[in-house]
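Q: Would you mind keeping the following structure in view while I ask a few things?
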Ligand SMILES: NC(=O)c1ccc[n+]([C@@H]2O[C@H](COP(=O)([O-])OP(=O)(O)OC[C@H]3O[C@@H](n4cnc5c(N)ncnc54)[C@H](OP(=O)(O)O)[C@@H]3O)[C@@H](O)[C@H]2O)c1
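Numbering (our numbering), first residue to last: 47 to 387.
Right, here's the structure in full:
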């Protein structure tokens with residue numbers, strides 16, 4: 047029997063500002079029927095968490111709220127009727143609760159995501175439905191497994207929807223969480239990978255991770271031309287578009303019949319494209335919103351089979367959560383910013 051305290055520590059935002067996050071004491075939740083209570087061991091931050099903290103990403107979010115969605119922990123109590131987990135099992139909750147396979151429902155997307163509008167994981171315990179968590183890959187530590195729910199799964203879904211295969215060229219923007227997972231998955235699939243970054247030092251590091259071609263998008267604002275040249279003029283088969291506003295440039299770097307996974311907006315939410323950029327080369331452009339439980343499980347099998355290790359930038363404590371957010375906001379990170387709880 048694991049002793050569960052009555053109260054716990056949590057990090058909560060009392061206003062929409064990174065300066066408004068502070069430690070609070072609150073009651074430990076009890077697992078309802080069909081739920082598991084998870085003692086959170088580690089969490090990781092995503093760019094989305096910064097956007098949520100501005101108060102614009104999810105309007106009317108009630109304050110105070112506990113941010114962040116990605117965690118790994120251990121099951122400490124079973125709600126009534128739970129048979130698929132045992133106390134002591136390691137779990138990673140799904141970001142989109144209830145999305146098990148295929149497409150999510152609009153309601154799941156709008157109302158069932160952890161870290162807003164559902165409360166997040168920067169707390170010592172969290173109760174989630176038993177069916178909305180997966181077993182993390184065996185070889186990963188809690189810290190490593192906590193990086194998977196959004197960044198890794200988004201990278202995995204992008205390449206899966208793009209139908210990645212050996213010999214493809216995959217173009218990745220920047221060296222954030224999504225891009226570094228996409229780099230590792232693309233290499234495991236036998237693809238050639240082009241990575242852009244604002245930093246030569248980070249490009250040096252992605253070459254060590256297996257990137258075949260690197261381009262500094264600051265020093266070379268027309269990076270799409272350099273990317274196309276690096277493919278002998280053919281273009282990339284798959285682009286993971288984390289920039290957003292950079293979509294016209296990505297389209298210019300995409301091969302005939304290529305695929306652009308529109309994932310993020312670090313360069314801005316709006317892009318103006320010439321439709322002929324799509325029509326002539328018959329490029330498929332698809333929005334990606336993380337992924338389902340079935341995809342998560344498939345990805346975990348691939349992580350184990352290929353010995354993939356998430357790239358961890360810096361580890362902070364729960365008390366240092368504000369520092370962790372600010373570090374992420376600075377853009378200095380390479381890979382995932384994590385919080386040990
Ligand atoms: N749709 C989804 O399911 C989903 C899931 C996860 C993330 N996202 C979104 O995808 C984006 C990336 O997320 P993340 O978690 O990987 O973020 P992250 O870890 O914070 O990485 C962001 C990286 O983007 C690069 N960057 C910044 N400005 C850029 C620009 N103008 N052009 C190209 N690259 C630029 C930087 O790389 P360098 O420092 O190397 O320049 C930075 O490190 C965010 O917009 C996030 O919200 C969406």
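In this text, a Cβ means the ideal position worked out from N, Cα and C, and glycines have one as well.
Just so we're clear, the structure is a prediction, and the values are computed from it rather than from any experiment.
Counting only beta-carbon separations shorter than 8 Å, does residue 244 have a partner in chain C?
A: Note that chain C does not occur in the displayed structure, where there is just one protein chain.
Q: What separation, rounded to the nearest whole angstrom, lies between the Cα atoms of residue 224 and residue 70?
A: Approximately 31 Å, taken between the alpha carbons.
Q: Buried or exposed: which applies to residue 302, given that a residue is buried once 16 or more other Cβ atoms fall within 10 Å of its Cβ?
A: Burial call: exposed.
Q: Whose C-beta lies closer than 7 Å to the C-beta of residue 96 among residues of the same chain, with five residues either side of it excluded?
A: Excluding positions up to five away in sequence, the list reads 371, 374 and 375.
Q: Suppose contacts are defined by Cβ-Cβ distances below 8 Å. Is residue 380 in contact with residue 248 by that definition?
A: Result yes, Cβ atoms of residue 380 and residue 248 sit closer than 8 Å.
Q: Bridge partners for residue 85 per DSSP, in chain order?
A: In the DSSP output, where bridge partners are listed per residue, residue 85 has 120 and 171.
Q: Is it the case that the Cβ atoms of residue 288 and residue 312 are separated by a distance below 8 Å?
A: Yes; because the gap between Cβ atoms is below 8 Å, this pair is in contact.
Q: What do you reckon, is the C-beta of residue 373 under 7 Å from a heavy atom of ligand 1?
A: No, ligand 1 has no heavy atom inside 7 Å of this Cβ.
Q: If you run the structure through DSSP and keep just helix, strand and coil, what is residue 220?
A: In this structure, residue 220 counts as coil in the three-state DSSP scheme.
Q: Would the stretch 174-185 and the stretch 79-89 be scored as touching if the rule is three or more Cβ pairs under 8 Å?
A: Verdict: yes, contact present.
Q: Considering just the uninterrupted stretch of the alpha helix (DSSP H) at residue 352, what are its terminal residues?
A: From DSSP, the alpha helix (DSSP H) with residue 352 extends over 339-352.
Q: Any heavy atom of ligand 1 closer than 7 Å to the Cβ of residue 242?
A: Correct: residue 242 has its Cβ closer than 7 Å to ligand 1.
Q: I'd like to know whether the C-beta atoms of residue 235 and residue 211 end up nearer to each other than 8 Å.
A: Their beta carbons are under 8 Å apart, which means residue 235 touches residue 211 by this criterion.
Q: Whose C-beta lies closer than 8 Å to the C-beta of residue 361 among residues of the same chain, with five residues either side of it excluded?
A: These residues qualify, in order along the chain: 189, 384, 385 and 386.
Q: The alpha helix (DSSP H) with residue 47 in it runs from where to where?
A: Here residue 47 belongs to no alpha helix (DSSP H), and DSSP marks it neither H nor E.
Q: At the level of alpha carbons, what is the spacing between residue 227 and residue 246?
A: The alpha-carbon atoms of residue 227 and residue 246 are separated by roughly 19 Å.
Q: Over what stretch of residues does the beta strand (DSSP E) that includes residue 261 continue unbroken?
A: That run of the beta strand (DSSP E) goes 259-262.
Q: Across the stretch 148-155 and the stretch 99-119, are there enough close Cβ pairs to call them in contact, namely three or more that are closer than 8 Å?
A: Because the criterion of three Cβ pairs below 8 Å is not met, the stretch 148-155 and the stretch 99-119 do not touch.
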